[in-house]
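This report concerns only the one structure given below.
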Amino acid sequence: MKPSENIFDLIKSLSGKEIEYILKTSDLHKKSGSNNYMMLFHEALSQPVYNEKEIIKKLGYENNLNNFAFTKNYLYHFILNRLEEISQLPQVALRRKINYASLSRHKQYEPFLQDILKEAEEEAFELQLFDNSLSVFELQLQHKKPGADTVARIKKMLQAKKSFVHYRKLFALVRLKHHQSSFIRDILKTPEFKHVYEEELLESDSNYNFNHKIFFYLAKGIVYYATKDYENGTRIRNELIKLWEKYPHMIQVRFAAYYNTFYNKALVLSNLGQFGEAVNAIHYLRTRMEEMNRGTLFQKYMLYNLLIDVYNSCGYFERSLEVIDEYTHFRQGLSYSENTLYSDQQFYFYLAKVYYGTGNLKEASRHLNHIINNELEYNADITCMAYVLSMIIYFEGGKTDVLEYRLNHAQRQLEKRNCMMGSLQLLTKFLKNYVNKQPDTAELKRLFIKLKEGIESNISEDIVQQNLLSYFDIAAWVTSKVENCSLADVLKKQSGYPDLG
Amino acid sequence: MNNLPKTVSLFSGLSSSEKGYLKKYFKTRLAVLSPKRSEQFQELFNSIEDKNRAGDKFLPETIDGVFMLLVAGLEEYHKNDTTLARSYINQVEILLEKNLNTQAEKLLAKAKKLSRKCSNYEMLYEIIEWQVAIHSLKAPTDKNMKIFDDYFSELESILQKQAENFGVKV
Numbered sequence: 025m026k027p028s029e030n031i032f033d034l035i036k037s038l039s040g041k042e043i044e045y046i047l048k049t050s051d052l053h054k055k056s057g058s059n060n061y062m063m064l065f066h067e068a069l070s071q072p073v074y075n076e077k078e079i080i081k082k083l084g085y086e087n088n089l090n091n092f093a094f095t096k097n098y099l100y101h102f103i104l105n106r107l108e109e110i111s112q113l114p115q116v117a118l119r120r121k122i123n124y125a126s127l128s129r130h131k132q133y134e135p136f137l138q139d140i141l142k143e144a145e146e147e148a149f150e151l152q153l154f155d156n157s158l159s160v161f162e163l164q165l166q167h168k169k170p171g172a173d174t175v176a177r178i179k180k181m182l183q184a185k186k187s188f189v190h191y192r193k194l195f196a197l198v199r200l201k202h203h204q205s206s207f208i209r210d211i212l213k214t215p216e217f218k219h220v221y222e223e224e225l226l227e228s229d230s231n232y233n234f235n236h237k238i239f240f241y242l243a244k245g246i247v248y249y250a251t252k253d254y255e256n257g258t259r260i261r262n263e264l265i266k267l268w269e270k271y272p273h274m275i276q277v278r279f280a281a282y283y284n285t286f287y288n289k290a291l292v293l294s295n296l297g298q299f300g301e302a303v304n305a306i307h308y309l310r311t312r313m314e315e316m317n318r319g320t321l322f323q324k325y326m327l328y329n330l331l332i333d334v335y336n337s338c339g340y341f342e343r344s345l346e347v348i349d350e351y352t353h354f355r356q357g358l359s360y361s362e363n364t365l366y367s368d369q370q371f372y373f374y375l376a377k378v379y380y381g382t383g384n385l386k387e388a389s390r391h392l393n394h395i396i397n398n399e400l401e402y403n404a405d406i407t408c409m410a411y412v413l414s415m416i417i418y419f420e421g422g423k424t425d426v427l428e429y430r431l432n433h434a435q436r437q438l439e440k441r442n443c444m445m446g447s448l449q450l451l452t453k454f455l456k457n458y459v460n461k462q463p464d465t466a467e468l469k470r471l472f473i474k475l476k477e478g479i480e481s482n483i484s485e486d487i488v489q490q491n492l493l494s495y496f497d498i499a500a501w502v503t504s505k506v507e508n509c510s511l512a513d514v515l516k517k518q519s520g521y522p523d524l525g
Numbered sequence: 105m106n107n108l109p110k111t112v113s114l115f116s117g118l119s120s121s122e123k124g125y126l127k128k129y130f131k132t133r134l135a136v137l138s139p140k141r142s143e144q145f146q147e148l149f150n151s152i153e154d155k156n157r158a159g160d161k162f163l164p165e166t167i168d169g170v171f172m173l174l175v176a177g178l179e180e181y182h183k184n185d186t187t188l189a190r191s192y193i194n195q196v197e198i199l200l201e202k203n204l205n206t207q208a209e210k211l212l213a214k215a216k217k218l219s220r221k222c223s224n225y226e227m228l229y230e231i232i233e234w235q236v237a238i239h240s241l242k243a244p245t246d247k248n249m250k251i252f253d254d255y256f257s258e259l260e261s262i263l264q265k266q267a268e269n270f271g272v273k274v
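First to last, the protein sequences are chains X and A.
First residue of the first sequence: 25, per the numbering used here; consecutive thereafter.
First residue of the second sequence: 105, per the numbering used here; consecutive thereafter.
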């Protein structure tokens with residue numbers, strides 16, 4: 025059985041300040057020299073890849089593996105305890121305070137803890153963390169009966185929690201299933217949406233309903249995005265932003281919702297073709313994350329994912345190239361469960377586009393092969409467009425022999441996935457013609473003009489084809505050949521952002 | 105408000121075992137402070153320990169800092185299932201910030217077991233909320249959607265129990 029690497033992953037995730045705190049507070053049980061668990065800490069810290077066997081040998085645990093397991097477990101919880109002590113997250117600080125206040129269960133400490141209890145009560149109420157509020161009430165009420173005022177407050181909190189369950193469920197459901205068109209088509213008729221208590225959302229008693237509003241607006245925003253109703257989506261997003269501005273202290277508490285608000289803003293702006301504004305929204309969110317020192321690796325990765333998609337969409341491949349190292353770095357740090365097939369596909373496809381756009385055909389091809397050869401398939405559209413881009417790269421690289429050989433295979437793959445639509449049929453026909461006839465420059469240009477006209481008339485009113493080609497704009501590529509310029513130039517001109525600033 | 109009499113009074117009422125633990129606890133936590141601050145803390149601690157010495161020359165923030173350190177140490181000394189479960193929830197939040205989701209899930213399971221054991225519905229509710237948040241990152245398979253429904257049903261029943269506990273109707 026493979027040894028658990030939890031301790032190693034935890035140690036490797038520590039910041040310099042965290043390591044310093046752990047080291048300085050580690051000698052509680054020290055008699056002389058270093059603690060056993062700290063020796064394990066140093067060994068794990070020094071390894072680039074976890075090698076438990078080597079540590080066991082080095083620290084002399086070969087004949088006492090149980091002892092090693094105990095030390096490992098002790099160190100794990102020791103680190104977590106220390107991290108808890110210095111965490112600045114508002115909910116962590118509040119729970120820590122409640123734990124201190126819980127000493128009041130011991131009669132002899134109670135008189136000394138009244139201030140802490142009061143502070144915890146006020147903080148929990150301000151942050152609308154009603155479970156923490158109720159925990160404080162429990163402590164306060166252990167030796168006395170609640171007054172009518174307290175009972176009324178408790179009731180309001182429980183009612184708020186009841187509504188919150190409804191909106192939290194709605195959000196979770198919509199977020200998980202918004203890719204499914206049948207779900208989205210009927211979503212507004214579902215009981216979850218029908219049972220939205222609009223009057224409750226509008227109630228003036230805002231001390232209790234911030235969380236409802238956030239999750240309801242986020243859920244509705246996703247529905248508008250999925251149904252491409254960007255106008256209403258924008259309206260909802262503005263409501264969300266107003267809420268964050270009105271309750272800035274809630275940003276730290278509901279950071280994921282705050283992140284989603286601005287991520288969705290950038291996503292919608294990008295879909296509306298407002299690339300400059302989308303880039304600004306991404307930078308704004310990135311700056312806020314840095315200022316607040318918040319954001320998981322996954323959130324950072326997704327932000328770069330979006331940034332690269334925006335740059336690629338408006339032809340700024342060189343900008344994408346500038347952030348490619350950070351993008352790759354964040355992705356490498358993701359846990360196994362977050363490396364989904366979809367994110368794998370997107371990652372390799374976006375990188376292939378960046379390299380293609382900056383003229384590095386070899387690297388572009390290498391990344392496309394990750395999708396094609398490893399059968400990374402979650403989104404059939406991306407797989408099909410990977411085949412298409414691969415053909416284009418063979419064409420541009422002058423590898424006519426490989427192109428000839430690969431064309432039939434690619435065609436079969438597109439047909440298998442129901443992607444062989446008009447524009448792609450025209451493209452494969454064009455490439456076959458090219459392989460068979462090897463036309464001269466003038467003839468090639470004529471063929472490109474014909475292809476351009478064909479594709480444009482094909483996609484002008486076909487939303488399905490437009491969606492498919494949004495992964496790689498073949499029409500823009502053909503235009504670049506007709507106008508004898510780069511794809512980047514065409515996309516920049518087309519996007520209306522000749523200079524992104 | 106001057107917290108010194110309160111701090112002295114709290115310390116003097118402790119058992120010798122508590123005092124011994126706090127002494128060690130205090131020592132390790134001083135190591136992270138600046139030398140000057142550490143010296144002030146130590147001096148005040150000594151004056152509290154030895155009731156004969158006057159403590160009125162200390163700054164209010166030093167007195168507050170020492171008081172909070174004593175309380176934190178006492179809390180660690182008296183750790184029980186409820187406070188341990190609350191600590192686990194804190195650590196889950198820290199692990200999630202570090203993207204260590206699988207580890208967070210394991211710790212949540214431990215916290216859930218403890219909260220159930222001490223029938224702490226407030227914490228159970230928080231724990232399930234975190235489980236929902238982690239579960240949201242998974243693919244929407246039928247199996248996962250079923251787990252979702254289970255979580256939300258659990259939240260509803262906990263809410264009911266909380267209302268009963270506080271004697272209110274929702």
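Beta carbons: idealized from backbone N, C-alpha and C, even for Gly.
Among the residues facing chain X, residue 110/A is included, as its CB has a counterpart in that chain under 7 Å away.
Not one beta carbon of chain A lies nearer than 7 Å to the beta carbon of residue 325/X. In terms of CA proximity to residue 197/A, 209/A leads the group 209/A, 243/A, 107/A. Listed along the chain, the chain A residues whose CB falls inside 7 Å of the CB of residue 375/X amount to none; the nearest CB is some 21 Å away. Put simply, of 165/A, 111/A, 248/A, 259/A the residue whose alpha carbon is nearest the alpha carbon of residue 175/A is 111/A. Those residues of the region 127–143 of chain X placed with their C-beta closer than 9 Å to a C-beta in chain A are 127, 129, 130, 132, 133, 135, 136, 137, 139, 140, ordered along the chain. Annotation: residue 469/X to residue 235/A spans about 59 Å, alpha carbon to alpha carbon. Here the C-alpha atom of residue 238/A lies approximately 7 Å from the C-alpha atom of residue 205/A. Residue ranges of uninterrupted alpha helix (DSSP H) with 4 or more members, entirely inside the region 323–356 of chain X and ordered along the chain, are 341–356.
The Cβ atoms of residue 313/X and residue 319/X sit closer than 7 Å to each other.
Fewer than three pairs of CB atoms, one per stretch, sit closer than 8 Å, so the region 88–99 of chain X makes no contact with the region 133–140 of chain X. Distance between residue 38/X and residue 47/X, taken at the CA atoms: about 12 Å. Of all residues in the region 244–267 of chain A, only 244, 252, 256, 259, 260, 263, 266, 267 come within less than 7 Å of chain X when Cβ atoms are compared, listed by chain position.
The residues 510, 511, 513, 514, in chain order, have a CB closer than 8 Å to that of residue 504/X in the same chain once the five nearest residues on each side in sequence are set aside. Taking the Cβ atoms as the reference, residue 254/X lies roughly 7 Å from residue 295/X, within the contact range of under 8 Å. Against chain X, the CB of residue 187/A has a partner CB under 7 Å away; the residue lies at that interface. The contact set of residue 65/X on chain A, defined by CB atoms closer than 8 Å, is empty, because the minimum CB distance reaches about 15 Å. For residue 516/X, the secondary structure class from DSSP, reduced to helix, strand or coil, is helix. Distance from the Cα of residue 147/A is smallest, within the candidate group 135/A, 133/A, 162/A, 137/A, for 162/A. Among the residues of chain X, those whose CB is under 7 Å from the CB of residue 202/A are 37, following chain order. Residues of the region 131–155 of chain A with a C-beta less than 7 Å from any C-beta of chain X: 132, 133, 135, 136, listed in chain order. In terms of beta-carbon proximity, residue 99/X stays away from the interface with chain A, with every pair separated by 7 Å or more. Around the beta carbon of residue 181/X, a 10 Å sphere encloses 16 or more other beta carbons of the protein chains shown; the residue is thus reported as buried.
Shown here, residue 272/A sits in coil according to DSSP, grouped into three states, outside any helix or strand. Within chain A, the residues whose beta carbon sits less than 8 Å from that of residue 116/X are 194, 197, 198, listed in sequence order. The DSSP-derived three-state label of residue 137/A is coil.
Close CB contacts of residue 276/X within its chain, under the 6 Å cut and outside five residues either way in sequence, are with 114 (chain order). Of 440/X, 436/X, 459/X, 479/X, the smallest CA-CA separation from residue 451/X is found for 479/X. Within chain A, the residues whose beta carbon sits less than 7 Å from that of residue 322/X are 203, listed in sequence order. Rounded to the nearest whole angstrom, the C-alpha separation of residue 257/A and residue 233/A is 12 Å. Sequence-distant Cβ neighbours of residue 187/A in its own chain, meaning closer than 6 Å and more than five residues away, do not exist here. Counting C-beta pairs closer than 8 Å gives three or more between the region 258–272 of chain X and the region 281–291 of chain X, which meets the contact rule. Along the region 174–190 of chain X, the positions whose C-beta sits under 7 Å from a C-beta of chain A are 175, 178, 179, 182, 183, 185, 186, 189, read in chain order. The region 366–379 of chain X makes contact with the region 404–417 of chain X; the number of CB pairs closer than 8 Å reaches 3 or more. In summary, residue 261/X is buried, with 16 or more beta-carbon neighbours lying within 10 Å of its beta-carbon over all protein chains present. Contact of residue 357/X with chain A by beta-carbon distance below 9 Å involves 203.
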